[in-house]
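Before any comments, here is the structure.
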Amino acid sequence: MITLPPDYRPTDDEEFMNAQQLAYFRQKLLRWRQDLLREAGDTLASLSAGGITEADLTDRASVETDRALELRTRDRARKLISKIDQAIERIENGTYGYCEETGEPIGLRRLEARPIATLSIEAQERHERMERVHRDD
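Using full-length UniProt numbering, the first residue of the sequence shown is number 1, and each one after it goes up by one.
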């Protein structure tokens, strides 16, 4: 297990996906996962706190809408946690940071912005263009 300095940030001057970079992204992913799980726990606590007690129909509808939105947000978080777990698995098996299509490095700036990325920017753009083409059919 590698101990990172608190101010460590991966740079292009280092070997791509060296042990420090992998430890950095693992730590970043685990923190993100922990935050999502904590938020999910808070949501569960607020939803189980009781039923809707507002007498006014408008207030009741507003509360129901807020709860539905919160549940959709939690569902997105659940899917995101799955992607985080897959990214951690890629760190374990040595494929993290490399494009699933081309095998080329994804790039530190992209991984910094989206640590669960599986495609390089170029491959992602191709993928999105293909989706647009097929969606227009």
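The C-beta atom is built at its ideal place from N, Cα and C for all residues, glycine as well.
From which residue to which residue does the alpha helix (DSSP H) around residue i run?
i    : result
E112 : L108 to A113
R60  : L57 to N93
Identify, in the order they occur along the chain, each residue of the same chain with its Cβ nearer than 6 Å to the Cβ of residue i, setting aside the five sequence neighbours on each side.
i    : result
E104 : S120
I106 : G97, C99, A117 and S120
Keeping to the same chain, check which residues put their C-beta closer than 8 Å to that of residue i; ignore five residues upstream and five downstream.
i   : result
Y8  : Q20 and Y24
L36 : A77, L80, I81 and I84
Should residue i go down as buried or exposed, given a rule of 16 or more other Cβ atoms within 10 Å for buried?
i           : result
residue 149 : The shown model of the chain, from 1 to 137, leaves out residue 149, and the question about it has no answer.
L108        : buried
M130        : exposed
L71         : exposed
R38         : exposed
Looking only at its own chain, which residues have a Cβ that is under 7 Å from the Cβ of residue i, when we skip the five neighbours before and after it?
i    : result
E100 : T118 and L119
I2   : A19, Q20 and A23
Rounded C-beta distance between residue i and residue j? I'm assuming under 8 Å.
i           : j    : result
residue 156 : T102 : Because residue 156 is not part of the residues shown, which for the chain are 1 to 137, the question remains open.
I91         : R31  : The pair is not a contact, with the Cβ atoms about 14 Å apart (cut-off 8 Å).
Between residue i and chain D, is the shortest Cβ-Cβ distance under 8 Å, so that the two count as touching?
i   : result
D56 : Absent here is chain D; the protein component of the structure consists of one chain.
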